[in-house]
Every structure is written in structure tokens, then in C-alpha cells.
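Enquirer: Chains as they are written, first to last, in this note's numbering: chain A, 9 to 239; chain B, 162 to 864. No residue lacks a Cβ here, since even glycine has one placed at the ideal position from N, Cα and C. One structure coming up, written as C-alpha cells, with questions to follow.
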């Protein structure tokens, strides 16, 4: 009987761990157990012509990150719960289109399913700024660069949807989003780790890099669930 | 003793079985497709929607509308709550989801008034559609950037003003529907593409009274004749051969602006191999490359198809052979540091099928020698580490992982901002599926090192920012005497209180003589560059599209002669906080190839182009436009008219030529104010005031 109960319990746990359809999208945080869902994290969407090269400075109240890459890219700040209009922890993205053509670079600040701020440019090497508040951070200088600079880059197929647990030694966040996604840790407390599960498995792996101060320190590939830990 | 296990023991198998099924069976929450190209799904028919803008009366720099989607319904006079709506989501370039929502396509109505811009193509059920809804983002409907002095007397110009919608329709979630009853119902027939062009006219109901207020606008949609804005390209795809592996990427025909990788439309090939593209066409003609892709077929293409509104180009047939796909992969590095280049771009070139091809033996490749006769058929980018391609899946493959093996004459074009572009042959051996690239630095991968040099200089401010404030400055480089930008700093310089000078080091591509011949459709690296510095100034704390500091320029700075070499250039003139300004004017008999550039004289009195209008803004044909507004900080400038050799739109390799003599204009410095400060910047380093006051517009003579 004990064995039966054990199997049943394990099965129920596995079933519950399997992501469902009620979590929405967009850096949503899912409550654990009976706790309610929490507000979505600050999420920037760098969109426009696929493959367009860009560079950006992302900042919140006390940390900045320099980011380079190609469109599309979702950028989520971990340990920051900025929502549209709040001054609690202002977030800002200043992006420079690194191309001399007339392609569109569109940057969007989203909260769940809603686009809260949007800026775009088709000018050669155009510059776009968006922030979650109309007045702040305003003229204030960007905070110092993150140190340590800990990032997770999820390199799944474009628009591949995933759910994951992202945590340091003290705080954990359960999030939904889509690849490719760059997670920036604001003041991680100790080593970070993540457990990421594909939701729409299009028969291919998730591919995750963990970067520390610009260098890849851990790499994991697989599916449907990939676990990666900072050494 | 009864050793039979109890019957209810079978329940113990159910939970792990359910969990196992959950993990193994692909499942999800809506959305499909979502490839690296905006491909429509395999549905009975497609509808292709394009938009045309009608800007409000007035003097504006930009009128942005944020469109979140378009819905169509077969019901006559359908309301928002009626059943039967089919949504055409925003294109993948504007959305983040599989169905590309959430996301907004931000359309500048001023840039879409002379021709249509493709919205998206989606699969729909056949039938007759009678009602259409344009879904505007209710949270963020759009914004207007007026010229200076174009609004009420106490409002600033050249800054963003939000718009609010004047509508009685009930919102649908976060979206504001603008309903259009189609006077000419849209017939959608099985195995065909139905085009529809919607004109969005914005009229202003209420003006902002103060900075921070919004424009109240009314949006009036109307259906216009698709034949006045679109052209049709159609044909059939015939496949021979078969692959040894299973392909799930849909067979599609893709249209992109000629010589570029800018995809305008992707259509699934239907039953009997037929396809129909409905493409935006400028009055003077728009030129496209089209190619077939997916299911492991060889990449065949037609290059340089010029279409005009109402034209039907038939018989663009492809006969392709299906084979097994191979993958191109490797690492893109900085040739000086060896570090990866995040975001570096790779384009796979394939010969257009009209070109007579020699019998090449790899690594020889027709597209290396004749890139101008080849078409971009797949793209890829380097990741944060410099590696490529980004992973794909069986259902959503990466283009560089679907290269037919054994295909001759392919080439990879590799580029990154500030680096010399490179072109290499690309070949995947049929049996071993190993890669062979002529310019690779690896014997097993297609890895490349991009050469670069650096230019070191200094940016100066006349006045350092007040305590607690900052000024950000970005530095740009362009081929001398042109508006072909080739590099910018990866991150802007940040000046804080007490700082009036900062050095920078800018990566720049080596000139053509130091590199291989320039791949087509890219600015040819020049032996000298013009540089200019632009501040990223907020306005009263919020993001602002135009700077409040003047723009210093340096002309004709020699590029270092060899890889990894650095050259020091003179310091820029100190940047002064001057506020905003604008220039408005008209052109005589312009066409799609007409542009206006603002030039500033450098200390040696050589003009440097700092900004201008985009191609396709002007037309003398209906719908016409000969007006422009440019936002520039107060200073002395020259306005110069340029013309492309041919007015045909989307000919990126053509270099525009100056027409007539430049016109001198002086944009005046606005009077200083003490409130509200800081407006766009501060004139002193001791406090936020005084600061530039309301800007003034300068009317230029017709060009």
C-alpha cells in the first residue's frame, strides 16, 4: 500500500510540475502552491527585422547591464518587479540599432500580455529609449554595471515557449517566457541556478548558457527540462 | 493464500503514465508556426493585409499608430462581441508570441502615405468577409512628434506626445477596435491569397495644451482599391527527388526587397504547387527577389522582379529538387581579440536561377565571385558567445540548419557593425554532411574572423551636467561624403557632474583595399570616414527622440591601414545645450528616389551628412507627398537634395547623387527659460535651470 501511495504521490507531483495553459505569457511569475501569482517581472522585447544587430544599456534602480545581440531577444530582469508607471524600481533600455539600413528596430516594455511602452526606429543606426515610467530615471546617470554580472541566455528556437524556476540562494522566481531570452540577475545572492521546461516542445532541445562577467561558465542542452547551475 | 494483487493497484500506474504522456506529447497553449520568417500557416486560403496612412493636417515629424492586430468577420455589420472573428496577428517582427501576440506594429503614417506597407498574411477559412476591425493598442495607441511651433503656443516641438482615441467602441481587453464595414466584401477562395488594403486616416480632435498632454485623435479606416497599391506575383513549385529524412518546415515562397534580407511576405505553397504573392508596389516600381524554401528543397530564386501597382507577374515557376538538409555552424570572432561577436549576422546566398552557372568544384563558388547575382535565402545570427546558428527545432528550424547538402555555388556573407564584411563559399558534403567554407578559420566548422580597426577620439561638453544629472552621447561613423553609416559605439558615453570630456574608441571596418571585395548590398568600406556625435537627451525626464545638444562633426578621417590598428582623430568641438529645432520644406517634382539630407560643415568647412529623409517618402504621383519636416538641434546647416539614379524603390546598392546646390539654413536657438527645467538639458552645471525654452521652426525654400 505504501508503495502505491508513493507512486501515486510521485505521479501527482510530476503532473503538477508539468506546465499548463493557465500561466499566460510574458515573464509571468507563478505562485508556488496556494500562493497567488505575482506581478510579471520587467521584460523588454527587442523586436524588428530578424537578425538585426543591436546593442543596448539596460538599467534598473541600482544596476546596469550592457547587452549586445540580434533581434529578436527578450530581456528579463530577475529580482526586479517594476510594473508600468511605478517608480519603485525604474527600468530603462537604451538601444542602438547597429545597422546602416532602413530595417525596423522595435523595443517594447511588456507586462504580461500588454505592451506598456513601445519605441521604434528605422533610421540608420537609430537610437531608441524606453522606460517604465514617464519621468524616471530621467536625467539620472545609469547605475554602475552589474558586479557580478550573472546572465542566463536561453537559446531555444525562436518563439519556443518555456517555463522555469530561476533562483539564487535566497529568492526564487517561476516564470513563463519565450526564446531567445536573456535573464539578467540583479544582485544575485550566491550562485544562481535554473530549471527550465519546454511548454511547446517543437521536437528540439533548449540550449542554455550561464554567463558570469561575460564568460560562459556553464552550458546545458536538452529537453523537455534542462537544469543549469552556476559552478 | 491468495497472492493476487488487489484490483485497485492498477490506479498506481495512472499518475506516472499521465505524467509521462504530458512530457512526451507536444502540447501548448495556442499559437502555431512562428518560424524565422513570417510564414503563414498551411490553411485553406490566405488573406494578405496592407495598410496605407493618411496623416493629419499639420506640420509633423512623425505620426505613430500602434496596431495590435486586424480581425475579419463574415458577418455583415459584425460588432466586437459578434462570433466569427478571425485575427490576423501582428507580424513576427513586431510580436513576441507564436501567434506574434503580444506586440504592436508601430506604423508611421507619414512614411506610409505614398504607398502601402505590408501588415501580415494569415491563413483563414474561405468565404466572403464583410467586416474588418483594426485593433489599436488601447494602453499605448501611438504618439505624435510635431514640428516646432505647430501646436498651441506653449507646447514644445520635436518631442513625443501620446495620442488618445476618440471612439465610442467598447475596448476588447487591452485593444481598441476600429470597425470597418467593407463596402466591397472580401472574397477568400480556397488555395488563393486574397489581398486587401486598408487606409487609416488620422484626424486631430484635440491638441495638447501643455507638455505631457496628449493629442486626441479620430481614426477613420476605409477600404481602398488593392490594385492601386499592390502587385501580384504568382507561379508554381514543382518538386522532384526525395529526402531521406522527415521534413516539417512548410514549403514556402518568400519575397524580400532585392539585394537585402528584408522579408516582405512569405506564402505557403498550396495544393498543386501554386503560390500567389500580393506585394506592396510603389508607383515608380518596387523590386523584389523571391525564392522557394522549406522541406529541404534547393534554394532557387528569381532576382530583381520590379512590380508596379495593379501589375500581375505570372509564371514565376520553380522546379526544385528535394534533398537532405545539412547544417552550417561555427563561431564569429573579432580578428583582433579572438572574442565572439554577439549578434553578428550571416546570410546564405544562392544563385538566382537565371544566371548561367559554371561547373564549380568546391570551394569555388559562383556567389563568392558574383554576389550581385545571388539572393539571400537564409539568415542566422551569432549568440551571446559568438556561436551560430541559434538552435531550431524540427517544426521550427533555423535556416542555416536546412541547407540542402551537395548544393554548389552557395556563399555565406558575414557582417557585424564596425567590422569588415566577409564573404566565403559554403558547401556541405553530401554523404559526410561536413562543411567546407573557403574563408573559415577552422577545418571542421565554418568559423570566421572579422577584421577591424579602431579610431580614438574625444567628446567634449561645453557645460558638465548638474549634480545628479547625466548626459549620454553616442558616436557614429559613415563613409565620407555619404550617409552610409558603418559603425556606432556599442554603448553611449555617460557624462556626469564634473565631466566635460571623455575619450572613446570606435571599431570601424577596414577600407576595401585592405579587405576582400565588398559583398553586395553593403556600404563599401571607404578609406575615410565622417564622424559625428549625438546626445541622447530626455525631455522633462521622459524618452525623447531628438537631442537637445548640438551635433559636432569631423569630416574625412582616414581609416587605419591595417587590421587591429588604431588611429587617433581630433577631438569633437564641445557640445552645447541648445534645445530643439526643426526645418520644414517642400520639394519640386520628387519621386520615390528623392531624399533630403541635412549637412553640417566640420571645422575644415567640409560637409558631413548627419540625418535626412528616408527613401519612399516622396511621390508626385497620387497619392502624392512633397513635404518634409526634420528635427535638428539649433545650428547652421545645409540642405541638400539627393536622387537615386533610378526612382525604383528598394534598390539598396544604388548610391544617391546630389542634385542642385545646397541651401543654407539657420535653425535659431530658443530663448532660455527657468521653468520647466530641465527641459532637454541644462545650460549650467550648478542647477537644472536655466534650460532651453520652446523651439522654433525654420521654413526652407523649395528644393
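Under 7 Å, Cβ to Cβ, is there at least one residue of chain B near residue 66 of chain A?
Expert: By 1-based counting over the first chain, the position of residue 66 of chain A is 58. For residue 66 of chain A, the answer is no, since every Cβ of chain B falls outside 7 Å of its Cβ.
Enquirer: Return the residues of the region 215-226 of chain A that lie within a Cβ-Cβ distance of less than 7 Å from chain B, sorted by chain order.
Expert: 215, 217, 219 and 224
Enquirer: Hey, could you find the ends of the alpha helix (DSSP H) residue 527 of chain B is sitting in?
Expert: Sequence index remark: in the second chain, residue 527 of chain B carries index 366 (1-based). Here the alpha helix (DSSP H) through residue 527 of chain B covers 527-530.
Enquirer: DSSP puts residue 773 of chain B in a beta bridge; with which residues?
Expert: Your numbering for residue 773 of chain B matches position 612 in the second chain. Looking at the DSSP output, residue 773 of chain B bridges to B:758.
Enquirer: If I measure Cβ to Cβ from residue 730 of chain B and keep anything under 8 Å in the same chain, skipping five residues before and after, which residues do I get?
Expert: Start at 1 with the first residue of the second chain, and residue 730 of chain B comes out as number 569. The residues are 616, 617, 618, 692, 715 and 718.
Enquirer: Less than 8 Å between C-beta atoms, sequence neighbours within five positions excluded: which residues of the same chain meet that for residue 206 of chain A?
Expert: Here residue 206 of chain A corresponds to residue number 198 of the first chain, with the count starting at 1. Hits under 8 Å: 164, 168, 169, 170, 214, 231, 232 and 233.
Enquirer: Which runs of the beta strand (DSSP E) fall wholly inside the region 390-456 of chain B and span at least 3 residues, in chain order?
Expert: 391-401, 413-418, 424-429, 435-441 and 447-454
Enquirer: Looking at C-beta atoms only, is the number of pairs between the region 567-576 of chain B and the region 654-662 of chain B that lie closer than 8 Å three or more?
Expert: no
Enquirer: Give me, in chain order, the residues of the same chain whose beta-carbon lies closer than 6 Å to that of residue 850 of chain B; leave out the 5 immediate sequence neighbours on both sides.
Expert: On the second chain, residue 850 of chain B is found 689 positions in, with the first residue counted as 1. Cβ neighbours of residue 850 of chain B beyond the five flanking positions: 835 and 838.
Enquirer: Locate the beta strand (DSSP E) running through residue 798 of chain B, then write down its first and last residues.
Expert: Stepping through the second chain from its first residue, residue 798 of chain B is reached at position 637. Element bounds for residue 798 of chain B: 796-804.
Enquirer: Count the CB pairs spanning the region 370-388 of chain B and the region 312-326 of chain B that are closer than 8 Å, and state whether there are at least three.
Expert: yes
Enquirer: What ranges does the beta strand (DSSP E) occupy inside the region 273-313 of chain B, keeping only unbroken runs of at least 3 residues that lie completely in it?
Expert: If we require 3 residues or more, the beta strand (DSSP E) runs fully inside the region 273-313 of chain B come out as 278-285, 288-298 and 303-307.
Enquirer: Is it true that the region 452-469 of chain B meets the region 384-394 of chain B, where meeting means three or more beta-carbon pairs spaced less than 8 Å apart?
Expert: yes
Enquirer: Residues in the same chain with beta-carbon distance under 7 Å from residue 278 of chain B, minus the five sequence neighbours each way, listed in chain order, please.
Expert: Stepping through the second chain from its first residue, residue 278 of chain B is reached at position 117. Excluding residues within five positions, the ones whose Cβ falls inside 7 Å are 211, 212, 268 and 441.
Enquirer: Name the residues in the region 738-760 of chain B whose C-beta lies less than 7 Å from a C-beta of chain A; which are they?
Expert: none
Enquirer: I need the straight-line Cα distance from residue 694 of chain B to residue 764 of chain B, nearest angstrom please.
Expert: Here residue 694 of chain B corresponds to residue number 533 of the second chain, with the count starting at 1. Here residue 764 of chain B corresponds to residue number 603 of the second chain, with the count starting at 1. Rounded to whole angstroms, residue 694 of chain B to residue 764 of chain B spans 14 Å at the Cα level.
Enquirer: Spatial neighbours of residue 229 of chain B within its chain, please: C-beta separation below 6 Å, excluding the five flanking residues on both sides.
Expert: Residue mapping note: residue 229 of chain B aligns to position 68 of the second chain, counting from 1. The residues are 265, 296, 298 and 336.
Enquirer: Taking the Cβ atom as the reference point for each residue, do residue 743 of chain B and residue 713 of chain B lie within a distance shorter than 7 Å?
Expert: To locate residue 743 of chain B, count along the second chain from 1; it is residue 582. To locate residue 713 of chain B, count along the second chain from 1; it is residue 552. The Cβ atoms of residue 743 of chain B and residue 713 of chain B do not sit closer than 7 Å to each other.
Enquirer: Whose Cβ in chain B lies nearer than 8 Å to the Cβ of residue 171 of chain A?
Expert: Here residue 171 of chain A is taken as the residue at index 163 of the first chain, counted from 1. Within chain B, no residue comes near residue 171 of chain A; the closest Cβ sits about 11 Å away, beyond 8 Å.
Enquirer: Please classify residue 545 of chain B: does DSSP put it in a helix, a strand, or coil?
Expert: Counting from one through the second chain, the residue named residue 545 of chain B turns up at place 384. The answer is coil: DSSP assigns residue 545 of chain B none of H, G, I, E or B.
Enquirer: To the nearest whole angstrom, what separates the beta carbons of residue 549 of chain B and residue 541 of chain B, a pair I think is in contact under 8 Å?
Expert: Counting from one through the second chain, the residue named residue 549 of chain B turns up at place 388. Counting from one through the second chain, the residue named residue 541 of chain B turns up at place 380. The Cβ separation is near 5 Å, so the contact holds.
Enquirer: Please state whether the Cβ-Cβ distance between residue 460 of chain B and residue 511 of chain B is less than 7 Å.
Expert: Here residue 460 of chain B refers to the residue found at position 299 of the second chain. Here residue 511 of chain B refers to the residue found at position 350 of the second chain. Result yes, Cβ atoms of residue 460 of chain B and residue 511 of chain B sit closer than 7 Å.
Enquirer: Could you tell me whether the Cβ of residue 128 of chain A comes closer than 7 Å to any Cβ of chain B?
Expert: Taking the first chain and counting its residues from 1, the one referred to as residue 128 of chain A is at position 120. Judged by the 7 Å Cβ criterion, residue 128 of chain A is in contact with chain B.
Enquirer: Beta-carbon of residue 134 of chain A versus every beta-carbon of chain B: anything under 7 Å?
Expert: Your numbering for residue 134 of chain A matches position 126 in the first chain. No, because no Cβ of chain B sits closer than 7 Å to the Cβ of residue 134 of chain A.
Enquirer: Using a Cβ-Cβ cut-off of 8 Å (strictly less than) and excluding sequence neighbours within five positions of residue 432 of chain B, which residues of its own chain qualify?
Expert: The count along the second chain starts at 1 and reaches residue 432 of chain B at position 271. Excluding residues within five positions, the ones whose Cβ falls inside 8 Å are 352.
Enquirer: Which whole-angstrom value describes the C-beta separation of residue 856 of chain B and residue 844 of chain B, a residue pair presumed to lie in contact below a C-beta threshold of 8 Å?
Expert: Here residue 856 of chain B corresponds to residue number 695 of the second chain, with the count starting at 1. Here residue 844 of chain B corresponds to residue number 683 of the second chain, with the count starting at 1. Not really, about 15 Å apart at Cβ, beyond 8 Å.
Enquirer: Under a CB-based cut-off of 7 Å, is residue 72 of chain A close to chain B?
Expert: To locate residue 72 of chain A, count along the first chain from 1; it is residue 64. Output row for residue 72 of chain A: interface = no.
Enquirer: Are the beta-carbon atoms belonging to residue 190 of chain A and residue 81 of chain A less than 7 Å from one another?
Expert: Position 182 of the first chain, counting from 1, holds the residue named residue 190 of chain A. Position 73 of the first chain, counting from 1, holds the residue named residue 81 of chain A. Yes.
Enquirer: Closer than 8 Å by C-beta to residue 613 of chain B: which residues in its own chain qualify, once you throw out the five before and the five after it? Chain order, please.
Expert: Along the second chain, one-based indexing puts residue 613 of chain B at 452. If we look at residue 613 of chain B and ignore the five residues flanking it on each side, its Cβ neighbours are 495, 496, 497, 579, 580, 581, 668, 669, 670, 671, 724 and 725.
Enquirer: Should residue 506 of chain B and residue 74 of chain A be called a contact, given that it needs their Cβ atoms to be closer than 7 Å?
Expert: As a working mapping, residue 506 of chain B is identified with position 345 in the second chain. As a working mapping, residue 74 of chain A is identified with position 66 in the first chain. Cβ atoms of residue 506 of chain B and residue 74 of chain A: not closer than 7 Å.
Enquirer: What are the complete beta strand (DSSP E) segments, minimum 3 residues, inside the region 143-210 of chain A?
Expert: 158-162, 169-175, 180-186, 189-193 and 201-206
Enquirer: Using alpha carbons as the reference points, say which of A:123, A:198, A:176 and A:159 lies closest to residue 66 of chain A.
Expert: As a working note, residue 66 of chain A is residue 58 in the first chain. The shortest C-alpha separation from residue 66 of chain A is found at A:159.
Enquirer: Just how far apart, CA to CA, sit residue 98 of chain A and residue 427 of chain B?
Expert: Position 90 of the first chain, counting from 1, holds the residue named residue 98 of chain A. Position 266 of the second chain, counting from 1, holds the residue named residue 427 of chain B. One C-alpha to the other measures close to 39 Å.
Enquirer: Between the C-alpha atoms of residue 197 of chain A and residue 238 of chain A, what's the straight-line distance to the nearest angstrom?
Expert: If you number the first chain from 1, residue 197 of chain A lands on position 189. If you number the first chain from 1, residue 238 of chain A lands on position 230. About 12 Å.
Enquirer: Would you please state the rounded distance, in angstroms, between the beta carbons of residue 78 of chain A and residue 504 of chain B? I believe it to be under 8 Å.
Expert: Walking along the first chain from the start, residue 78 of chain A turns up at place 70. Walking along the second chain from the start, residue 504 of chain B turns up at place 343. 4 Å between Cβ atoms; contact.
Enquirer: Applying the criterion that 16 or more other CB atoms from any shown protein chain within 10 Å of the CB defines a buried residue, is residue 847 of chain B buried or exposed?
Expert: Against the second chain, residue 847 of chain B aligns to sequence position 686. Answer is exposed; the Cβ neighbour count stays below 16.
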